[in-house]
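Visitor:
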Amino acid sequence: MKYSLDGSEPRNGIIYEKAVAIPDDEVFMRVFAEAEGIEEKIDFRFAKPGEKGIRIDETKPAQLTTRGTKKLDSREKTFAGLDDARERGITFGRVIVAVGQGNNSVTIAINDTRVAPGYIEAILDAVLQRFDASTPIAMTFGVAEFASGHDLKQFSEKAGIEIHQDEVTQ
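One rule links them: number in our numbering = place in the sequence shown (from 1) + 19.
#1: Taking only runs of the alpha helix (DSSP H) that begin and end inside the segment 112 to 161, which ones reach a length of at least 4 residues, in chain order?
#2: Alpha carbon to alpha carbon, how far is Ala40 from Ala178?
#3: When you compare only the Cα positions, how much space is there between Gln148 and Ala163?
#4: Pop quiz: Lys21 and Pro29 are said to be a contact at Cβ under 8 Å. What is the actual Cβ separation, rounded to whole angstroms?
#5: Determine, using beta-carbon pairs with one atom in the segment 130 to 143 and one in the segment 165 to 177, whether at least three such pairs fall under 8 Å.
#6: If we ignore side chains and look at the alpha-carbon of each, how far apart do Ser27 and Tyr35 end up?
#7: Which residues bound the alpha helix (DSSP H) around Gln173?
#8: In terms of alpha-carbon separation, which member of Thr110, Asp144, Glu186 and Gly69 lies closest to Asn130?
#9: Give me the residue from Ala145, Val125 and Lys89 with the minimum Cα distance to Phe174.
#10: Can you have a look at Gly87 and say buried or exposed, based on whether 16 or more other CB atoms are within 10 angstroms of its CB?
#11: By the three-class DSSP mapping on this structure, what secondary structure does Gly87 have?
#12: For His169 and Glu77, which I take to be in contact (beta-carbon distance under 8 Å), what is that distance rounded to the nearest angstrom?
#13: Exposed or buried, what is Ile139 when buried is set at 16 or more other beta-carbons lying within 10 Å of its beta-carbon?
#14: Looking only at DSSP bridge pairs, what is Ile33 linked to?
#15: Count the other CB atoms within 10 Å of the CB of Ile182; is the residue buried (16 or more) or exposed (fewer)?
#16: Does the structure place the segment 45 to 63 close enough to the segment 143 to 160 that three or more beta carbon pairs sit under 8 Å?
#17: On the three-state DSSP scale, how would you describe Asp62?
#18: Relative to the C-alpha of Asp185, which candidate in Ile33, Leu24 and Ala66 has its C-alpha closest?
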């Protein structure tokens, strides 16, 4: 494993041999790992100690990537979130859409492929032909790409999604 603390390419960074001392300023740490021909990069942001909230440059493109998922946990939130995402040109990855409950349900999984909201809505339209209008729907996603940090902030506020500094890359 190799890493950098200044946002530079981690392949050319410092070899990880012991615990990394994080300075007292804001740090953008990039990590690169390779094993048996498989490579992975991950980015971390650490705020200054005592600093509250997250820092997002509203003018730069932004990517929200979480190890878990973010959830639109109702039919209303799912459709409102997809409408807002369509207006803002947001794309999603690692998406799971669940329609119905128990034995009367359909689950759609879209892994690392990035998809537009219209794609998800088209799938939902087809699936919902088999269900009534009150059937529960929920959508989770692990990645969302935004044209700007402003769009990320607005989308997360409207959708009621909490975001953390280490989930945002710009």
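Positions of the beta carbon are idealized from the N, C-alpha and C atoms, including for glycine.
Please read all numbers here as calculations on a predicted model, not as lab measurements.
Guide: Looking at the atomic coordinates:
#1: You should have 136 to 147.
#2: Distance between the alpha carbons of Ala40 and Ala178: 36 Å.
#3: Distance from the CA of Gln148 to the CA of Ala163, rounded to the nearest whole angstrom, comes to 27 Å.
#4: Indeed, because the Cβ distance is near 5 Å, the residues count as touching under 8 Å.
#5: With a cut-off of 8 Å, the segment 165 to 177 and the segment 130 to 143 do not count as touching, because too few Cβ pairs lie within range.
#6: Cα to Cα, Ser27 sits roughly 15 Å from Tyr35.
#7: From DSSP, the alpha helix (DSSP H) with Gln173 extends over Gly168 to Ala178.
#8: Out of Thr110, Asp144, Glu186 and Gly69, Thr110 has the C-alpha closest to the C-alpha of Asn130.
#9: When C-alpha distances from Phe174 are compared across Ala145, Val125 and Lys89, the shortest belongs to Lys89.
#10: Gly87 is exposed by the Cβ-count criterion.
#11: Secondary structure of Gly87 (DSSP, three-state): strand.
#12: So it is a contact: roughly 4 Å between Cβ atoms.
#13: Here Ile139 is buried: its Cβ has 16 or more other Cβ atoms, across all protein chains shown, within 10 Å.
#14: Answer by DSSP bridge pairing, in chain order: Tyr22.
#15: Buried, because 16 or more other Cβ atoms sit within 10 Å of the Cβ of Ile182.
#16: They do not touch, by the three-pair rule.
#17: Collapsing the DSSP output to three states places Asp62 in a strand.
#18: Closest option to Asp185, Cα to Cα, is Ala66.
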